[in-house]
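If you use the working numbering, the sequence shown closes out at 198, no skipped numbers anywhere.
Here's the structure we're looking at; comments come further down.
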Amino acid sequence: MRETDARELADRLDQEADDLEHRSDEVAQHTKDAAQEWAQKRSDPKVPGAPPDDDDDDSDDDDNEGDGWDDPDDEDDDEDEDE
């Protein structure tokens, strides 16, 4: 492999890494926005299908940073209920 080929490959991979980082940031923002929207809906009793947040026992849980979103993949919540 020539040195110029290696540089071109490195540049292309750097660009791809930047693109993936940008997409990751967009997904994170979308997730945060959806969590905030869901929290607002849960606080509005007029919204059907959005139960109020008062039934959660782990309100002091810092994992969600107060965003009002319960991670369905968080298995710790399910284990606590069984005990």
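We treat Cβ as the ideally placed atom computed from N, Cα and C, and that holds for glycine.
Please read all numbers here as calculations on a predicted model, not as lab measurements.
Span of the alpha helix (DSSP H), counted from its first residue to its last, around residue i
i, result
"residue 127", "118-158"
Length of the line joining the Cα atoms of residue i and residue j
i, j, result
"residue 117", "residue 131", "21 Å"
"residue 127", "residue 146", "29 Å"
"residue 175", "residue 124", "At residue 175 the pLDDT is 49, less than 50, meaning the model places this residue with poor confidence; the figure from the coordinates comes in the next sentence. Near 48 Å, if we compare the C-alpha coordinates of residue 124 and residue 175."
"residue 154", "residue 144", "15 Å"
"residue 152", "residue 160", "14 Å"
"residue 133", "residue 119", "21 Å"
"residue 141", "residue 122", "29 Å"
Cut-off 8 Å between Cβ atoms - residues of its own chain near residue i, not counting five sequence neighbours on either side
i, result
"residue 156", "162, 165"
"residue 167", "157, 158, 160"
Spatial neighbours of residue i in its chain, beta-carbon cut-off 7 Å, leaving aside the 5 residues before and after
i, result
"residue 148", "none"
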